[in-house]
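In what follows, a single structure is set out as structure tokens and then discussed.
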Amino acid sequence: MIHGTVIGLQARMSLIILPPERSGVEIECVIDTGFEGFLTLPSSVIAALGLPYLININANLANNSSVETDVYLATVVWNGVERNIAALAMGRRPLIGTALLEDYHLSIDFCEGGTVLVDEIL
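According to the numbering used here, the sequence shown is numbered sequentially starting from 2.
Have a look at this one:
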């Protein structure tokens with residue numbers, strides 16, 4: 002089970018990213034159920050972590066516009082297991098999307114300091 006907290010009506014949780022040839026770095030992320038990808042990270046965070054570049058894509062945004070962005074390979078620890086996922090270089094705050102939540106149950110108590118729980122669906 003993965004735990005997080007509601008801060009300012011945002012469901013937040015920490016994600017450990019394993020940069021190449023370095024120890025894990027804990028990054029606080031906002032859970033964005035409107036984002037269908039795995040993860041977004043600001044470009045400055047991607048550069049600091051030295052994540053390997055994969056490809057450039059056109060990403061569709063919530064307002065139905067399209068923006069060109071780079072995609073990087075991120076190794077994360079998710080529910081105790083290392084996973085290689087795509088991280089889009091965009092935004093100012095790291096976001097966890099629904100691709101990372103697939104096959105998991107998400108529970109959020111939407112009040113300041115509320116509990117965020119992510120648990121594997123059995």
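Just so it is clear, CB atoms sit at the ideal spot from N, CA and C, and this is done for glycine as well.
Going by the CB atoms, is the gap between residue 5 and residue 78 shorter than 8 Å? no
Run of the beta strand (DSSP E) containing residue 70, from where it starts to where it stops: 67–79 is the span of the beta strand (DSSP E), which, as asked, contains residue 70.
Between which two residues does the alpha helix (DSSP H) holding residue 1 run? Here the chain has residues from 2 to 123 only, and residue 1 is not among them.
Can you tell me which of 17, 21, 36 and 106 puts its alpha carbon nearest to the alpha carbon of residue 144? Residue 144 falls outside the range modelled here, since the chain spans only 2 to 123, and no answer is possible.
Residue environment, residue 81, which counts as buried when at least 16 other CB atoms sit within 10 Å: exposed
CB of residue 1 within 8 Å of CB of residue 53, strictly: No information on residue 1 is available, as it lies outside the stretch 2 to 123 that the chain covers here.
Would a C-beta distance cut-off of 8 Å place residue 97 and residue 42 closer than the cut-off? Going by beta carbons, residue 97 and residue 42 fall outside the 8 Å limit.
Exposed or buried, what is residue 110 when buried is set at 16 or more other beta-carbons lying within 10 Å of its beta-carbon? exposed
Does residue 16 come out as helix, strand or coil in the three-state DSSP assignment? Three-state result, residue 16: strand.
With C-beta atoms as the reference, is residue 55 less than 8 Å away from residue 87? yes
Residue 100: which of 9, 32, 23 and 59 sits nearest, CA to CA? 32
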